[in-house]
Every structure is written in C-alpha cells, then in structure tokens.
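What follows is one structure encoded as structure tokens, with my remarks underneath.
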Amino acid sequence: MQNPILTPNFSNVSFKFEPFLRKEYNLALNPDRPQCKFFEANGTCPNGSNCYNKHVSPMFRNKVVCKHWLRGLCKKGDSCDYLHEYNLRKMPECLFFSKNGFCTQTPECIYLHIDPQTKIPECFNYNRGFCPDGPACNKRHIRKTFCELYLTGFCPYGAKCNLGAHPKFEGLLDKLRIKPDKKEETKNEGNTADTQTKEGKLPSGKQEATGTKRSVEEAEEVEEPATKKLKST
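Its first residue numbered 1, the sequence shown is counted upward by one per residue in full-length UniProt numbering.
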C-alpha cells in the first residue's frame, strides 16, 4: 500500500478556477492529446477555445521552441506560431553566442550554440573540382573523399552511397580554359612562310596551284603540234 502522505493522489482534486484556465489559456491539458481534425482540415474549429484537442499551426516557424513559453510568459496557447514543448534540438539560437562567439552560461545554457562556420554556404566551384579563388574564397571548402567504386566506373549504391562523394565530371568553366594568343599564331605563320620561301619550298596550297599550272602548260604544248598537223592536211 502506498502512503498517502508521501505519495498523494491529486487526480480527484479540482479547483474552481480550472475551467477558466482551460478555456482561456488551454492550461492543464494533456500535451499528448490528439490533433483536432476540423482545425487541421479547415484551419478553424467550431468548438473554438472549448475544444480539448490540439490546434496545431501549419506554419514553418512551428519547428522552433517558443522562447516566451520557456519562461512561462506565452499567452497564445495552441495558437502560438512556435512549439510549446521542451525539445533541446529545436531550441532557438543563443543570441549571446552568435554575437560574441562564446557564452557565459555554458554548459547550462539551454539555447543552441551554432558554429558560425556552418552558416557559410559551400563553394560550388570547389565541389565541382576546382576553385579559382583558392584560400581567399569567401565560401566554405569542404574536403570530401571520393568513392573508389564510382571512380572505377560504377557504384551499385547510387545516391545512397556512404563510401564517399560522387564527383561530377563536367566541363571546365570558360574563364579557366587556356586560350592561345592570336598575335603569336600570326607571327608563327609568317615565320614559317619566310623559311619555306628561302629554302625553295612553298606551302601546300601554293604547291598545288603551281602543279596545276604546269599540267595545263604541258597539255597545251601537246595540243599545238596536233593542231598544226591537221591544218597541213
């Protein structure tokens, strides 16, 4: 038998102001009660504040714990846009740590201490294979190990692979491609033409042109005696 003095049972005890607290502030209600189907479907409930089910807001901000609720000062109840539950993973960010880089209440501080390096976005060029800015880049360079199976040709795990990163072999950026200088190309072409003329050699195009002229002249020389014979006859 339990001792009623050491372990009293307050299940049958009620106060006159409890209905007012339930109606106005939804206090003393079971936090694990089911969600209201009417409010979830339409955003409104015919029972209003008298409904004993949860009225959960569909807003994205509902994923962060209410800082006023942590101090017992939130008056919105279920209509609050933030969570009313003690979840350390969904606590708001510690403002003192975000401004100064340290917190005087550690390790007792219940708010999140987020590393400022994690807020810097990843460098897109570095993830592709090369960043032209190098150490002076204002974005984060994360070193990753490559998947050996993917590098050899095929990884059976696909996007769910935990062996390493799957690099994308895309083309280089236009500004990183090495382009030859046009001035040097023209100078080199002029030098080669001069050397060929000095040595008695002509370029391939000129050689073909001279060859065709010679063949035409030879054909004319062969045709001239034939025409003379025909005239004499």
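Heads up, the beta-carbon is just placed ideally off N, CA and C, and yes, glycines get one too. Since this is a predicted model, take the numbers as computed values, not measurements.
query	result
Paired residues, beta bridge with residue 35 - DSSP	54
Boundaries of the alpha helix (DSSP H) in which residue 149 is found, first to last residue	148-152
Contact belief for residue 122 with residue 140 at Cβ below 8 Å, rounded distance in angstroms	5 Å
Assumed close pair residue 55, residue 36 - CB separation to whole angstroms, cut-off 8 Å	6 Å
Nearest-angstrom Cα separation, counted from residue 127 out to residue 133	13 Å
Nonlocal neighbours in the same chain, by C-beta distance under 7 Å from residue 53, ignoring five residues either side	33, 34, 35, 36
Buried versus exposed, by CB contacts within 10 Å (16 or more), residue 13	exposed
Sequence-distant residues of the same chain with beta carbon closer than 7 Å to residue 167, five excluded per side	129, 146
Residue 114 to residue 100 span [Cα, whole Å]	12 Å
Enclosing alpha helix (DSSP H) for residue 98 [first to last residue]	95-100
Residue environment, residue 111, which counts as buried when at least 16 other CB atoms sit within 10 Å	buried
Residue 70, enclosing alpha helix (DSSP H) - first and last residue	67-70
Closest Cα partner of residue 120 within the set 105, 159, 108, 138	138
Simplified DSSP state of residue 18, which is helix, strand or coil	helix
Outcome for residue 82 when other beta-carbon atoms lying within 10 angstroms are tallied against a minimum of 16	buried
Simplified DSSP state of residue 89, which is helix, strand or coil	helix
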